[in-house]
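For reference, the structure is listed below as structure tokens.
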Amino acid sequence: MLNGKQQSAHHSPRALVDHMEDYLGHFGLKRVRDRKVSAQYCKNVRGRLTRLFEECRFRWLGDDGGRTNAK
Numbered sequence: 141m142l143n144g145k146q147q148s149a150h151h152s153p154r155a156l157v158d159h160m161e162d163y164l165g166h167f168g169l170k171r172v173r174d175r176k177v178s179a180q181y182c183k184n185v186r187g188r189l190t191r192l193f194e195e196c197r198f199r200w201l202g203d204d205g206g207r208t209n210a211k
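Residue 141 is where the sequence shown starts when you use my numbering, and the numbers rise one by one after that.
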């Protein structure tokens with residue numbers, strides 16, 4: 141079993157946008173209270189995650205948006 145750092149390193153070569161697409165694709169299979177996840181919900185999640193990634197400048201898993209070197 142991999143620890144958190146090993147899991148992050150394993151997935152880090154992929155951009156967060158790619159992980160987001162996989163996550164949203166999972167909604168096509170998911171059911172909540174015996175109903176499929178709505179297209180509107182998927183659209184809202186995509187918009188919120190995209191905004192988060194852009195405003196925080198997150199591009200890769202483990203990315204801190206350039207804050208490591210901030211003074």
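Glycine is no exception: its CB is placed at the ideal position from the N, C-alpha and C atoms.
In the structure shown, Val177 falls within a coil segment according to DSSP collapsed to helix, strand and coil. Distance from Leu164 to Arg191 at the Cβ level is roughly 15 Å; contact not present, criterion being Cβ atoms closer than 8 Å. Counting along the chain, Asp203 sits inside no alpha helix (DSSP H), nor does DSSP assign it H or E at all. The beta-bridge partner set that DSSP reports for Arg171 consists of Lys176.
If you draw a 10 Å sphere on the C-beta of Leu156, you find 16 or more other C-beta atoms in it, and that means buried. With a cutoff of 8 Å on beta-carbon distance, Val177 and Phe167 are scored as near each other.
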